[in-house]
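Worksheet for the structure shown next.
Numbering (this note's numbering), first residue to last: 195 to 637.
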């Protein structure tokens, strides 16, 4: 009896009976058959004819041969499968790196440690990035470094950062830093952190609480015409305070205001260079100290007029003296010089009275001065503030030569001296005469 082998010797696929080729791979199927042994006949035992004959008979077994199917060969891995495995491994590695990096970079202890090292070494621009600071024109890393540049850097030999486990806050942490400096004993300081949103979406982000670093609600009062600079940074008008405390002056029109108050919500505590410039008053350039508490108020003004302004007023007085004399010689009315004076009824009345008297004594109904020349001017000035406005008082004297008429009809030459005083007030961006004293020429 023949047994049909239905497995492909090449790929191991099971095939139909009597197939000549493999249905899977097409390989020819060999005629692998095995002859099954004849069934063993049961006979009664007989005694061997001889010992030699018994030894020559072959021994038969009842076992039949078994046919085993060949093992299926492994399919080679495709490029797509290899790419998927590599990509998956790379993503897993990146996730692990992300978790480790996020945990390290967001560590509150690490932040406290880095801030401590930077501040002790005087690296304030580096320390700035760890601090929980509001945004503002006067909160920059450059200003922080400039404000604290006088703080001596410490030569740290060793330190240890330990979290205060008893610090009772859900949004803040506190660390104690024990450190040693060269030549000094043990010192202890603390660093407080506050939670500031999320880091990389998953970890809490912490920053250093800027205690003893900032000064809040600082008010600086200057004249209405002045400009204010803090550490060479001009303070913009958006900082001008219009609160109730300054309502009285701020309710006035811009031309009536005598002062303005700047309110700086937050700035670094410490020493700052304050500079005030003005078109009229002398500049102020001085260091001011600001603490870490609130409500510092400074009034930064001066009554000293700039030298160039005084020089300009004395030069103006020389020209004004000539103008008044020429108007009087021509017997002009006060209206001819009124535009040179302040728009104030009481002051105008006083100036007009002095001018009319001067014209009367100079013109003398046609028998007075006919021509005049000035020489050898001498001036001096004093200054101050009146009615909230700066003023300059100029005393002037000059040599004069000219001719004058006499009632006899004769003309007389003269060589005399004259003097006058002009008081100028600065208002609405202009200098105007607010008072005058004039002296006539007698020959």
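Think of the CB as a built atom: it goes at the ideal place given N, C-alpha and C, for glycine as much as any other residue.
query                                                                                                                   : result
Residues near residue 169 in its chain [Cβ-Cβ closer than 6 Å; skip 5 each side]                                        : Nothing about residue 169 can be read from this structure; the chain reaches only from 195 to 637.
Environment of residue 502 [buried if 16+ CB atoms lie within 10 Å]                                                     : exposed
Residue 302 burial status per 10 Å Cβ neighbour count (16 or more: buried)                                              : buried
Reduced DSSP category for residue 618 - H, G, I as helix; E, B as strand; rest coil                                     : strand
Same chain only: Cβ atoms within 7 Å of residue 483, ignoring 5 sequence neighbours per side                            : 465
Residue range of the beta strand (DSSP E) that includes residue 584                                                     : 583 to 599
Same chain only: Cβ atoms within 7 Å of residue 387, ignoring 5 sequence neighbours per side                            : 302, 305, 306, 366, 367, 400, 401, 402, 403
Where residue 527 sits in the DSSP three-state scheme                                                                   : coil
9 Å Cβ cutoff met for residue 491 and residue 470                                                                       : no
The region 535 to 545 in contact with the region 600 to 612 per 3-pair CB rule at 8 Å                                   : no
Beta-carbon proximity of residue 408 to residue 327, cut-off 9 Å                                                        : yes
Within 9 Å, strictly: CB atoms of residue 592 and residue 572                                                           : yes
Best match in 589, 553, 361, 278 for proximity to residue 505 [C-alpha to C-alpha]                                      : 589
Reference residue 410, options 623, 522, 329, 606, closest by Cα                                                        : 329
Completely contained beta strand (DSSP E) runs for the region 411 to 480, where each covers 3 or more residues          : 421 to 424, 453 to 462, 464 to 471
Residue 228 versus residue 207 - alpha carbon distance                                                                  : Bear in mind that the predicted position of residue 228 carries a pLDDT of just 42, short of 50, making it unreliable; the figure below should be weighed with that in mind. Residue 228 and residue 207: Cα-Cα distance of roughly 20 Å.
Member of 341, 335, 375 whose CA lies at the smallest distance from the CA of residue 353                               : 375
Burial state of residue 549, where buried means 16 or more other Cβ atoms lie within 10 Å                               : buried
Among 422, 319, 356, the one whose alpha carbon lies nearest that of residue 467                                        : 422
Beta-carbon proximity of residue 597 to residue 563, cut-off 9 Å                                                        : yes
Minimum C-alpha distance to residue 565 - residue among 281, 601, 605, 534                                              : 605
Where residue 325 sits in the DSSP three-state scheme                                                                   : strand
Assigned exposure category for residue 356 - 16 Cβ within 10 Å defines buried                                           : exposed
Close-in-space but distant-in-sequence residues of the same chain around residue 488 (CB under 8 Å, 5 per side omitted) : 409, 410, 411
Three-state secondary structure assigned by DSSP to residue 521                                                         : helix
Same chain, Cβ closer than 6 Å to residue 318, neighbours up to 5 away in sequence not counted                          : 338, 339, 342
Run of the beta strand (DSSP E) containing residue 357, from where it starts to where it stops                          : 350 to 357
Cα-Cα separation, residue 282 to residue 214                                                                            : 46 Å
Contacting residues, own chain, Cβ-Cβ under 6 Å from residue 601 (five flanking each side not counted)                  : 561
Reference residue 377; option with closest CA among 350, 390, 363                                                       : 350
Inter-residue CB distance, residue 632 and residue 528 (contact presumed, cutoff 8 Å)                                   : So it is not a contact: roughly 12 Å between Cβ atoms.
Beta carbon of residue 385 nearer than 9 Å to that of residue 310                                                       : yes
For residue 579, the three-state DSSP class (helix, strand or coil)                                                     : strand
Assigned exposure category for residue 431 - 16 Cβ within 10 Å defines buried                                           : exposed
Candidates 348, 332, 284: closest to residue 315 by CA position                                                         : 348
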